[in-house]
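Remarks on the structure that follows.
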Amino acid sequence: PLSGKVALVTGSTSGIGLGIARALAEAGADIVLNGFGDAKEIEITQEQIAAGFGVRANYSPADMTSPDSIAEMIVTTITQSGRLDILVNNAGIQHVAPLEQFPPQKWDQILAINLSSAFHTTRLALPAMRQNGFGRVINVASAHGLVASPFKAAYVAAKHGIVGLTKVTALETAEAGITCNAICPGYVYTPLVEAQIDGQAKAHGISRDQVIRDVLLAQQPSKRFASVEEIGALAVFLSSAAAASITGTALPVDGGWTAH
Ligand code: NAD
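For the sequence shown, the UniProt record's numbering gives the first residue as 15, with consecutive numbering after it.
Written as structure tokens, this is what we have:
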């Protein structure tokens, strides 16, 4: 359903972004990957996506803290691919500390990556989308775009911010064939999460299952992680013609977390 479309996914060298990129590629879109990581591994990922799904898979090393480097990524994408139909703003980082001890530098970095980068990619991508009369902007926010937890000041502020940016983008593009929505995952099973389980089990002296149920998924009523495939499937749906009237929303994929 997405063949002939070009999708750029920020922060797609691992985790949710990679899951979204794979799902969009499986649906037929040419992909531009972005993010940090080992050059050889990124090349292998590109080859796997290209060969596995019969699409083109390019890569941009742009740093989402740098507006100049973001501009270069968008310009290169549009010149290389001739178009940009689907923009997924996914790159994000976390830092956990009480407000009084929250390092101001971390605040600035999280706001830059988790929020401002989406402003820059979106403002630069919209002209090409308007020209084609089609566009999809998908912002990967979080349950923390809708509710808060302590010690995550910058993350929660940035994620609430990106939900606001999502609504403004939707309103300004409502008649242009463009939609903008935020996906708000609760806990998603990624290598990063897996890496925490054994450590937490040791630290608390409890089993892996208890860590998952009572520590990691304490807020998630379903007591199961969402998968990157589930997030990818939602991104594919939001990118499809069937989702043309869904815009300006913040869609929880959180096993009931924000229903509390
Ligand atoms: P991850 O650490 O696996 O992936 C983050 C990606 O962003 C990587 O590709 C990394 O290279 C890239 N990145 C980091 N800093 C960057 C920068 N300055 N410039 C360019 N790329 C950069 O994380 P993830 O869990 O897959 O998270 C992806 C998104 O999903 C984030 O926005 C995160 O807040 C959100 N999210 C994750 C979860 C979860 O449970 N994993 C839940 C809710 C929301």
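Glycine included, every Cβ here is placed at the ideal spot set by N, Cα and C. Small disclaimer: the values here were computed from a predicted structure and weren't measured.
Report task. Have a look at Asn104, Val89, Ala85 and flag the residue whose alpha-carbon is nearest the alpha-carbon of Arg97. Result -> One-based indexing of the sequence shown puts residue 97 at position 83. When only C-alpha atoms are compared, the closest one is Val89.
Query raised in the report: Straight-line CA distance for Asn153 to Gln224?
Result: As a first step, residue 153 is located in the sequence shown; it is residue number 139 there, counting from the start. As a first step, residue 224 is located in the sequence shown; it is residue number 210 there, counting from the start. Asn153 and Gln224: Cα-Cα distance of roughly 32 Å.
Query raised in the report: Can the beta-carbon of Ile34 be found less than 8 Å from the beta-carbon of Val102?
Result: Sequence index remark: in the sequence shown, residue 34 carries index 20 (1-based). Sequence index remark: in the sequence shown, residue 102 carries index 88 (1-based). It is a contact, given that the beta carbons lie within the stated cut-off.
Query raised in the report: By a C-beta neighbour count over all protein chains shown, 10 Å radius and 16 as the cutoff for buried, is His218 buried or exposed?
Result: For the purposes of this step, residue 218 is taken as the residue at position 204 of the sequence shown. So His218 ends up on the exposed side.
Query raised in the report: So, helix, strand or coil for Lys216, using DSSP?
Result: Here residue 216 is taken as the residue at index 202 of the sequence shown, counted from 1. Of the three classes helix, strand and coil, the one that applies to Lys216 here is helix, per DSSP.
Report task. Label Lys166 either buried or exposed according to how many other C-beta atoms from any shown protein chain fall within 10 Å of its C-beta, with 16 as the threshold for buried. Result -> The count along the sequence shown starts at 1 and reaches residue 166 at position 152. Burial call: buried.
Requested in this report: With a threshold of 16 other CB atoms inside 10 Å of the CB of Lys54, please say whether the residue is buried or exposed.
Outcome: Residue numbering aside, residue 54 sits at position 40 when the sequence shown is read from its first letter. Result: exposed.
Query raised in the report: Which value, in whole angstroms, describes the spacing of the CA atoms of Gly270 and Ala215?
Result: As a first step, residue 270 is located in the sequence shown; it is residue number 256 there, counting from the start. As a first step, residue 215 is located in the sequence shown; it is residue number 201 there, counting from the start. Whole-angstrom Cα-Cα distance: 25 Å.
Query raised in the report: Where do the ends of the beta strand (DSSP E) carrying Thr193 lie?
Result: Position 179 of the sequence shown, counting from 1, holds the residue named residue 193. 192 to 199 is the span of the beta strand (DSSP E), which, as asked, contains Thr193.
**Report entry** Segment limits, alpha helix (DSSP H) that includes Arg137
**Finding:** Numbered from its first residue, the sequence shown carries residue 137 at position 123. First-last of the alpha helix (DSSP H) with Arg137: 131 to 146.
Query raised in the report: Does at least one heavy atom of the ligand NAD sit under 7 Å from the Cβ of Ile260?
Result: The sequence position of residue 260 within the sequence shown is 246, counting from 1. Because no heavy atom of the ligand NAD lies under 7 Å away, the Cβ of Ile260 does not count as near it: no.
Query raised in the report: Can you name the residues that DSSP bridges to Tyr203?
Result: Walking along the sequence shown from the start, residue 203 turns up at place 189. In DSSP, Tyr203 forms a bridge with Ser241.
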